[in-house]
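J.: Numbering of the sequence shown is given in my numbering, commencing with residue -5 and proceeding in unit increments.
Ideal Cβ placement from N, Cα and C applies to all residues, glycine included.
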Amino acid sequence: MVIDLLKSAHHPSELIAMLKIKMGGSVPHQYKEDLATLAKRLGDREFCYAALNKVSRSFAVVIQQLPAELRDPVCVFYLVLRGLDSVEDDMTYPAELRLPLLRNFHRKCYEEGWKLEGVGDSADYRALLANFDKVIRVFLGLDEAYRTVIADICKQMGNGMADYAERKVNTLEDYDHYCHYVAGLVGIGLSALFSASGLESEQLREDWELANSMGLMLQKTNIARDYYEDLNLGRTFWPRQIWGKYASRLEEFHAKPSSPESLACINEMVCNALQHVSNCILYLHRIRNRQVFRFCAIPQVMAMATLAKIYNNPNVFTEVVKIRKGIAAKMMLDTNDMERVRYYIEKFAREIQNKMSESDPNYALTRKRLNRIYEALDDVRFSPESVRARCVEELVLF
Ligand code: IN0
C-alpha cells in the first residue's frame, strides 16, 4: 500500500482516491487471519465475503457497489466460478478426477455438505474448496431463479473447460471459443442475474452477444497482460495464429522484448481485444440501475487502461504490467455514468492511437477498431434514453 502511495506521490487526486477507498468503508472488513483459520469461526455468509476479499480485493470493493438483493447471488456466483477455476488450474489434481469434476461441478452446488480437500494452487483457494459446504449452504438459500442461472452457467463452463483441457488455443476461433467458456458465460450469467432480480430488463438477458463481449474484453486483456506470468507457469492462452507470425517459440519474446516482432505481437493481442469494446459500450448503455452500471463499468474502464498501458510495451514480456493503484482507485470512485465511461474509454483509446506507428503490421486494423469505438461512443452520447434519464434524475433532485 505504501509503495502504491509513493507511486502516486506526484498525483494528489490519486492519493485522495486511494485514501477515500481505504477509509470510505466501501472496502469490506479485511480480516488478518488466513481463510482456513477464518473458516473455523465465521458463519456461512461471512465466510463467503471473507473468501471474496481474500481472492480478489478489487472485485470485493466493486461487488459492494451492487444493490443489496444482487450482492449474495453475485458473491456466490463469483465463488462458484473461482472454485471451478481452482479445479481447472490445479495440475497436481489427477486428470482422471479433475475432468469429470469440471463437468460435474454444477451438481456439487446442490450437494449439501460437499467439500474438497487439497485442491487449489494457493492456500486461500484450497481453503475455499475445503470449506465449499459453506458456499453451498448460501447457494441453497438463494431464490430459485438465481440458483438456476448459477448452476446452468457452471455446467456450460465446466464442460467447456474440460473440452479445452485436452486441446490448445491455436486459431482466432479457438481463442474466442475458449474465452466464451471462461469469461463470456460470466457476462451472460450476470445479465441473467440482473434480469432475474427485476432491476434490469429481460432484454439484457436475451442479448448474449453483448454480454459475451463484456467477458471477452476482460479476459483477452488479462491474457495479453499475463504473458510472463503464464510463461513461468509453463502455459499460454495466446493463440498460435497470432504469435506464430512473429516467433517460432513463445520464449523468443521474453528473450528480445523490444524487437519489432515482439512489439508487433503484443500490439496484435491488444488489437484483437479492442474489437469487443464497441459491444461493451452498447451493453453498458442498456443498463438502467446506477449501482449495476458501476459494477459493470469499473472493470471495463480498468481493462481499457490496461490495454493502453501494455500497447507497444516491452515490459509485458518481463513482468506483469499493471496500472497504478492510484489510477484504479480514482476510476473506481468516479465511474458513475456513461459520460465518465466515455471520458475514460476515449482517453485510453487516444493513448493507444498516439503510441501507434504506421510500420506496425496491424496499424490499419487497429485504427479501424479505434474508430469503431469512437462511433459507438457517439451513438450513445445524446441518445434520448440517457438524456431522459438525466432529466428525470435532475427533476427529482429539484
Ligand atoms: C467478473 C468480472 C465482471 C465484473 C462485472 C461485470 C462483468 C461482465 C461480464 C463479465 C465479467 C464481469 O470482473 C472481475 C474483476 C476481477 O475479478 N478482477 C480481478 C482480476 C484480476 O486482475 O485478477 C482483480 O483482482 O482485479 C473479473 O475479472 N472476472 C469476473 C469473474 C466473475 C464475475 Cl461474477 C465477474 C473474471 C473474468 C474471467 C474476466 C470473467
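#1: When the Cα of Lys362 is compared with those of Leu110, Leu187, Asn266, Cys274, which residue comes out closest?
#2: Counting along the chain, where does the alpha helix (DSSP H) carrying Ser189 start and finish?
#3: Would you call the stretch 353 to 362 and the stretch 36 to 54 touching, i.e. three or more CB-CB distances under 8 Å?
#4: Considering Cα atoms alone, identify which of Ile57, Leu110, Phe342 is closest to Gly77.
#5: What do you get for Glu138, buried or exposed, if any count of 16 or more other CB atoms within 10 angstroms of its CB means buried?
#6: Note down the Cα distance separating Ala460 from Leu64, rounded to an integer number of angstroms.
#7: Comparing alpha-carbon positions, which option in His23, Leu278, Tyr119 lies nearest Gly209?
#8: Helix, strand or coil for Ser351? Go by DSSP, reduced to three states.
#9: Which runs of the beta strand (DSSP E) fall wholly inside the stretch 236 to 279 and span at least 3 residues, in chain order?
#10: Taking 6 Å as the line, does the beta carbon of Ser50 fall inside it for any heavy atom of the ligand IN0?
#11: Measuring from the CB of Leu193, is there a heavy atom of the ligand IN0 at a distance below 6 Å?
#12: For the alpha helix (DSSP H) containing Gly154, list its first residue and its last residue.
#13: Does DSSP classify Met(-5) as helix, strand or coil?
#14: Measuring from the CB of Val314, is there a heavy atom of the ligand IN0 at a distance below 6 Å?
#15: Flag Leu75 as yes when its Cβ comes closer than 6 Å to any non-hydrogen atom of the ligand IN0, and as no otherwise.
#16: How do the stretch 182 to 194 and the stretch 216 to 235 stand: do at least 3 beta-carbon pairs fall below 8 Å, yes or no?
#17: If I measure Cβ to Cβ from Val335 and keep anything under 8 Å in the same chain, skipping five residues before and after, which residues do I get?
#18: For the candidate residues Met350, Ile346, His23, Ile317, whose alpha-carbon lies nearest to that of Leu46?
#19: If you measure between the beta carbons of His449 and Asn206, is that distance less than 7 Å?
#20: Using a Cβ distance threshold of 8 Å, determine whether the stretch 86 to 99 contacts the stretch 144 to 156, with at least three qualifying pairs required.
#21: Given a cut-off of 7 Å, decide if Val113 and Leu123 are closer than it, judged by their beta-carbon atoms.
#22: With the cut-off set at 7 Å, would you say Ile304 and Ala177 are in Cβ contact?
#23: Give me the Cα-Cα distance between Leu204 and Asn273, rounded to the nearest whole angstrom.
#24: Buried or exposed: which applies to Ala104, given that a residue is buried once 16 or more other Cβ atoms fall within 10 Å of its Cβ?
#25: At the level of alpha carbons, what is the spacing between Phe392 and Leu301?
#26: Can you round the beta-carbon distance between Ser256 and Tyr240 to whole angstroms, since I take them to be within the 8 Å contact cut?
#27: Can you tell me whether Ala3 is buried or exposed? The criterion is at least 16 other CB atoms within 10 Å of its CB, across all chains shown.
#28: If you follow the alpha helix (DSSP H) that Ser207 is part of, which residue opens it and which one closes it?
#29: Note down the Cα distance separating Val310 from Glu106, rounded to an integer number of angstroms.
#30: Please determine, among Asn365, Ala323, Arg318, the residue with the shortest C-alpha to C-alpha distance to Glu340.
#31: According to DSSP, simplified to helix, strand and coil, what is Lys24?
#32: Within its chain, find whatever has a CB closer than 7 Å to the CB of Trp202; leave out the 5 residues flanking it on each side and keep chain order.
#33: So the candidates are Thr312, Ala297, Ala323; which of them puts its Cα closest to the Cα of Ile346?
#34: With H, G and I counted as helix, E and B as strand and the rest as coil, what does DSSP make of Phe392?
#35: Could you spell out where the alpha helix (DSSP H) holding Gly135 opens and where it closes?
#36: Got a sec, what are the start and stop residues for the alpha helix (DSSP H) His4 sits in?
T.: Walking through what the data contain:
#1: For the purposes of this step, residue 362 is taken as the residue at position 368 of the sequence shown. Relative to Lys362, the option among Leu110, Leu187, Asn266, Cys274 whose CA is nearest is Asn266.
#2: Residue numbering aside, residue 189 sits at position 195 when the sequence shown is read from its first letter. Unbroken alpha helix (DSSP H) run through Ser189: 179 to 190.
#3: no
#4: As a working mapping, residue 77 is identified with position 83 in the sequence shown. Minimum Cα distance to Gly77 is reached at Leu110.
#5: Here residue 138 refers to the residue found at position 144 when the sequence shown is read from its first residue. Result: exposed.
#6: The structure shown does not extend to residue 460, since the chain is modelled only from -5 to 392, so the question has no answer here.
#7: On the sequence shown, position 215 is the one that residue 209 refers to. Comparing Cα-Cα distances from Gly209 to each of His23, Leu278, Tyr119, the minimum goes to Leu278.
#8: Taking the first residue of the sequence shown as 1, we reach residue 351 at position 357. It is coil, neither helix nor strand.
#9: Qualifying beta strand (DSSP E) stretches: none in this window.
#10: Translated into positions along the sequence shown, residue 50 becomes position 56. Ser50 Cβ: within cutoff of the ligand IN0.
#11: As a first step, residue 193 is located in the sequence shown; it is residue number 199 there, counting from the start. No; taking the cut-off as 6 Å, the Cβ of Leu193 has no heavy atom of the ligand IN0 nearer than that.
#12: For the purposes of this step, residue 154 is identified with residue 160 of the sequence shown, where counting begins at 1. Start and end: 138 to 159.
#13: As a working note, residue -5 is residue 1 in the sequence shown. If DSSP states are grouped into helix, strand and coil, Met(-5) belongs with coil.
#14: Stepping through the sequence shown from its first residue, residue 314 is reached at position 320. No; taking the cut-off as 6 Å, the Cβ of Val314 has no heavy atom of the ligand IN0 nearer than that.
#15: Mapped onto the sequence shown, residue 75 falls at position 81. Correct: Leu75 has its Cβ closer than 6 Å to the ligand IN0.
#16: no
#17: Locating residue 335 in the sequence shown gives position 341, where the first residue counts as 1. Only Ile275, Leu278, Ala291, Gln294, Val295, Thr329 meet the Cβ criterion.
#18: Your numbering for residue 46 matches position 52 in the sequence shown. Selected option, being the one with the closest Cα: His23.
#19: Here the chain comprises residues numbered -5 to 392, so residue 449 is not present and cannot be evaluated.
#20: yes
#21: Within the sequence shown, residue 123 is the residue found at index 129, counting from 1. Within the sequence shown, residue 113 is the residue found at index 119, counting from 1. Going by C-beta atoms, Leu123 is nearer than 7 Å to Val113.
#22: What you label residue 304 is simply residue 310 of the sequence shown in a count that begins at 1. What you label residue 177 is simply residue 183 of the sequence shown in a count that begins at 1. Against a cut-off of 7 Å, the Cβ pair of Ala177 and Ile304 comes out as no contact.
#23: The count along the sequence shown starts at 1 and reaches residue 204 at position 210. The count along the sequence shown starts at 1 and reaches residue 273 at position 279. Distance between the alpha carbons of Leu204 and Asn273: 5 Å.
#24: Position 110 of the sequence shown, counted from the first residue, corresponds to residue 104. For clarity, residue 104 is Tyr in the given sequence; the question names Ala instead. The residue is exposed, with fewer than 16 neighbouring Cβ atoms inside 10 Å.
#25: Mapped onto the sequence shown, residue 392 falls at position 398. Mapped onto the sequence shown, residue 301 falls at position 307. In this prediction, Phe392 scores a pLDDT of 45, lower than 50, which makes its location untrustworthy; the coordinate-derived value is nonetheless stated afterwards. Distance between the alpha carbons of Phe392 and Leu301: 41 Å.
#26: Locating residue 256 in the sequence shown gives position 262, where the first residue counts as 1. Locating residue 240 in the sequence shown gives position 246, where the first residue counts as 1. Yes, they are in contact, since the Cβ atoms of Ser256 and Tyr240 sit about 7 Å apart, within 8 Å.
#27: Residue numbering aside, residue 3 sits at position 9 when the sequence shown is read from its first letter. When all chains shown are included, Ala3 counts as exposed.
#28: Mapped onto the sequence shown, residue 207 falls at position 213. Its alpha helix (DSSP H) spans residues 202 to 219.
#29: Along the sequence shown, one-based indexing puts residue 310 at 316. Along the sequence shown, one-based indexing puts residue 106 at 112. If you take the alpha carbons of Val310 and Glu106, they lie about 44 Å apart.
#30: Within the sequence shown, the letter at position 346 stands for residue 340. For Glu340, the nearest C-alpha among the options comes from Asn365.
#31: Position 30 of the sequence shown, counting from 1, holds the residue named residue 24. Reading the sequence as shown, one finds Gln at residue 24 and not Lys. Looking at Gln24 - three-state DSSP - the assignment turns out to be coil, as it is neither helix nor strand.
#32: One-based indexing of the sequence shown puts residue 202 at position 208. Same-chain partners within the cutoff: Ile182.
#33: As a working note, residue 346 is residue 352 in the sequence shown. Closest by alpha carbon: Ala297.
#34: Walking along the sequence shown from the start, residue 392 turns up at place 398. In this prediction, Phe392 scores a pLDDT of 45, lower than 50, which makes its location untrustworthy; the coordinate-derived value is nonetheless stated afterwards. It is coil, neither helix nor strand.
#35: Here residue 135 is taken as the residue at index 141 of the sequence shown, counted from 1. Counting along the chain, Gly135 falls outside any alpha helix (DSSP H), and DSSP gives it neither H nor E.
#36: To locate residue 4, count along the sequence shown from 1; it is residue 10. Run containing His4: none; DSSP gives neither H nor E here.
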